[in-house]
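Report on the structure given below.
This is how it looks when you write it as structure tokens:
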């Protein structure tokens, strides 16, 4: 989550140095792109040598939340065929593709050649989660890295493509989790089945809160499970979307992940405790 938050900052190196004992920012790309005329597309690449991991993170935008509340049709009606199979939102694809083709693809190639034994972590919050999903799928499908080395974690990700895309995404074989917070509104946009949209696996749902010791439900092998966040569709919340692990995600990143040591310890403790109590569906 701190790396997803760091993408909101124009200086993600502050979060990197707060989180990892031996990490470096490789490059941040912030572009004026056609997909978001009122916003910028942005993502960064970095390396955590202590974890032997290359990191990719994509930024969400405030404008995206505003657009969703004003017109979901503008985001989801136009779809484009994706490399894995199936179709994805043209809006999401164009945002990802701008960052990807204007530098990030080359950066990943450089880093994986320089550190061939490192794994790849891909992350993002909100719109950034959709872009991260497309990036990870592209990397595995094109053979840039094997699925065994790719780890995708998104937070508050909207439905990104249709059911064929979701099933193809699942079949890639990488480690992938969509973390959702209680009644996060964006995780339910667009509504299930609208224009064929469907989530890919695997949802990890924090049903109540995300404090230390709060349990979660893991809905494996079921893209759209009524046992996870789809079980609560009538009291959805923007606030739950903006806050993960007791932090305002964008503000946390913009502040350089202040208090990062405490949040990392809380998350580690939360995972250790909640794993004993989790329900796997």
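Residue numbers (UniProt numbering): 1 to 281.
In this text, a Cβ means the ideal position worked out from N, Cα and C, and glycines have one as well.
Check	Outcome
Is the region 103-112 touching the region 175-190 in the sense that three or more CB pairs, one from each, lie closer than 8 Å?	no
From the DSSP output, in three-state form, read off residue 61 for me.	coil
Nearest by alpha-carbon distance to residue 30: which of 24, 39 and 22 is it?	39
Of the choices 193, 159, 238 and 214, whose alpha-carbon is the least far from that of residue 202?	159
Extract the residue ranges of the alpha helix (DSSP H) inside the region 57-116, only unbroken runs of 4 or more that lie entirely within it.	62-70, 73-76, 90-99 and 105-114
Return the bridge partner residues of residue 164 from the DSSP annotation.	Partner(s): none; residue 164 has no beta bridge.
Report yes if the CB atom of residue 206 is closer than 7 Å to the CB atom of residue 194, and no otherwise.	no
Can you name, in chain order, every residue of its own chain whose Cβ lies under 6 Å from the Cβ of residue 8, other than the five neighbours on each side?	59, 250, 253 and 254
In the DSSP assignment, the alpha helix (DSSP H) including residue 6 goes from what residue to what residue?	2-6
Taking residue 200 as the reference, which of 153, 238 and 237 has the closest Cα?	153
How is the beta strand (DSSP E) around residue 206 delimited, first residue to last?	203-206
Can you tell me whether residue 50 is buried or exposed? The criterion is at least 16 other CB atoms within 10 Å of its CB, across all chains shown.	exposed
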